[in-house]
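Structure record follows, encoded as structure tokens.
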Amino acid sequence: MKDLKFYLNKAIKNHFALGAFNFCNMESLQAIVSASLKTKSPAIISVSESALSYMGEDFVMALAKTAKKQNPALFLHLDHGKSYEICKKAVDLGFDSVMIDASALDFKENIKLTKKVALYAHKKGVLVEGEIGQIKGVEDNVKADQNIYTSPQEACEFARETGVDMLAVAIGTSHGVNKYSKNPTLRMDILTEIERLLPSLPLVLHGASTVDERLVETFNNFGGQLSNAKGVSEELLIEAVTKHNVVKINTDTDIRLSFTSETRKVLEENKKEIDPRKYLGKGREKAEQILSAKMRNVLFSAGKK
Ligand code: G3H
Ligand code: 13P
Ligand code: ZN
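Residue numbers for the sequence shown follow my numbering, so the first one is 1 and each next one is one higher.
Structural data, given as structure tokens:
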């Protein structure tokens with residue numbers, strides 16, 4: 001069966017990554033679906049706790065069902081679940097995988113909660129992602145003030161104790177548009193050491209948006225006010241994907257930025273426009289272009305369906 005586990009294993013063997021793309025409305029999901037179809041890619045469609053409550057679980061499940069009907073190599077994932085209850089809810093709803101993000105707890109408590117989620121999820125055939133170390137960020141439910149790099153020894157103990165199927169590591173990325181004040185860097189040495197200890201564990205990179213400066217320029221030219229925006233470089237992501245076991249690359253900001261910069265442009269250039277299809281449709285088109293290019297040139301998931 002070509003389930004998520006199948007694709008994670010295939011990605012480890014063939015050095016490509018599945019994009020884990022966040023959606024929060026029909027148009028952002030449509031952009032992901034059509035990019036995955038155009039490039040023949042498997043991918044993960046992620047909803048955060050706040051996106052789940054924004055759309056409502058019935059809409060999320062109906063949208064995901066439609067997306068999977070169009071591309072069966074799309075997998076529904078709960079992003080940054082903060083409690084056992086929300087992870088259990090996602091498992092019961094029929095998600096393919098859940099992330100329990102207990103990285104703010106101390107190490108032993110993180111293990112305890114992650115293991116509890118894994119025991120429940122695995123009984124129902126649902127995969128589990130855990131996190132150790134902390135990834136800086138400013139999204140609604142995802143807050144950590146500074147990067148605390150993952151310790152490879154702790155990663156090893158954590159994975160063995162909890163039985164997680166995927167492990168999110170903190171190696172220098174962060175959530176949102178302001179990832180770096182200087183040149184982007186990633187601690188590849190941490191990946192190398194984790195891979196020495198756990199050669200077949202699928203690794204996950206959060207905060208992996210590249211924050212294309214052309215999109216920031218469009219955003220600011222049409223009334224936006226983003227300053228000091230900087231993402232991870234494509235070169236570093238390519239290295240993480242092709243030379244390491246990073247097989248899930250989380251991306252939300254690039255979708256938000258492409259979508260909203262284009263929407264701003266249409267609205268600024270067409271001051272009498274009131275039809276949401278006109279500006280959301282252009283936002284969707286731009287997000288699809290950005291995602292297709294990412295699947296082809298950075299994740300190398302194109303053709304791996
Ligand atoms: O990593 C977090 C995602 O970007 C989700 O953010 O809670 O604002 O939907 P959100
Ligand atoms: P970005 O903010 O870099 O897109 O990261 C998203 C993410 O990690 C979702 O879990
Ligand atoms: Zn994240």
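All C-beta atoms, glycine included, are put in the ideal place defined by N, C-alpha and C.
CA-CA distance, K271 to T162, rounds to 55 Å. For A159, no pairing in a beta bridge is given by DSSP. Less than 8 Å separates the beta-carbon of F75 from that of I44. Counting of Cβ neighbours within 10 angstroms places Q225 among the exposed residues, the total staying below 16. If you look at D79, you'll find it in the beta strand (DSSP E) that goes L74 to G81. Comparing C-alpha distances from L8 to each of T173, V246 and Y54 shows the shortest one belongs to V246. Spanning the alpha carbons of G56 and A64 requires a straight line of approximately 12 Å. Rounded to whole angstroms, S83 and M295 show a C-alpha spacing of 31 Å. Between the alpha carbons of L291 and S209 lies a gap of roughly 11 Å. According to the DSSP assignment, A20 belongs to the beta strand (DSSP E) that extends over L18 to N22. By the criterion of a C-beta distance shorter than 6 Å, C87 is surrounded in its chain by G81, V98, I100 and V117, once the five residues flanking it on both sides are discounted.
Just so you know, the alpha carbons of K5 and P202 end up roughly 10 Å apart. In this structure, A229 has its CB at a distance of at least 7 Å from all heavy atoms of the ligand G3H.
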